[in-house]
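Enquirer:
Numbering (my numbering), first residue to last: 7 to 122.
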């Protein structure tokens with residue numbers, strides 16, 4: 007649901023959402039691949055959050071939005087939220103051999119944006 011609405015924005019090529027364990031709770035983290043030449047700035051973050059709030063629910067508004075260069079996928083083209091979540095939580099990824107681009111997972115490891 008979130009993907010469909012966020013990816014309707016001209017600047018967003020694709021996205022992936024995970025729940026990150028944070029301070030005895032889970033927060034929504036949205037990773038976005040943006041159109042070449044576009045960088046995530048305050049204006050775009052506000053637009054993304056507004057879109058999610060209006061088109062989905064306030065509960066789905068991401069606590070963190072992080073720009074990434076690539077989203078990991080299976081060999082059949084499906085995005086892999088579980089693998090990204092495991093990397094963000096510094097846990098081993100199962101079935102890494104089923105990914106078309108396992109190297110993309112390194113883009114999600116130890117991100118400073120997710121440390122606060």
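Think of the CB as a built atom: it goes at the ideal place given N, C-alpha and C, for glycine as much as any other residue.
#1: Give me, in chain order, the residues of the same chain whose beta-carbon lies closer than 7 Å to that of residue 7; leave out the 5 immediate sequence neighbours on both sides.
#2: Return the bridge partner residues of residue 82 from the DSSP annotation.
#3: In the structure shown, what three-state DSSP assignment does residue 31 receive?
#4: Any idea if residue 21 is buried or exposed, counting beta-carbon neighbours within 10 angstroms, 16 or more meaning buried?
#5: Can you tell me whether DSSP reads residue 40 as helix, strand or coil?
#6: Within 8 Å, do at least three Cβ pairs link the segment 93-111 to the segment 69-83?
#7: So, are the CB atoms of residue 120 and residue 99 less than 8 Å apart?
#8: Mind checking which residues open and close the alpha helix (DSSP H) that includes residue 100?
#9: Grab the span of the alpha helix (DSSP H) containing residue 67 for me, first residue to last.
Expert: Taking the geometry as given:
#1: 62
#2: Bridge partners of residue 82: none, in fact.
#3: strand
#4: The residue is buried, with at least 16 neighbouring Cβ atoms inside 10 Å.
#5: strand
#6: yes
#7: Cβ distance not < 8 Å, so residue 120 and residue 99 don't count as in contact.
#8: For residue 100, there is no enclosing alpha helix (DSSP H), as DSSP marks it with neither H nor E.
#9: First-last for residue 67: undefined, no H or E at that position.
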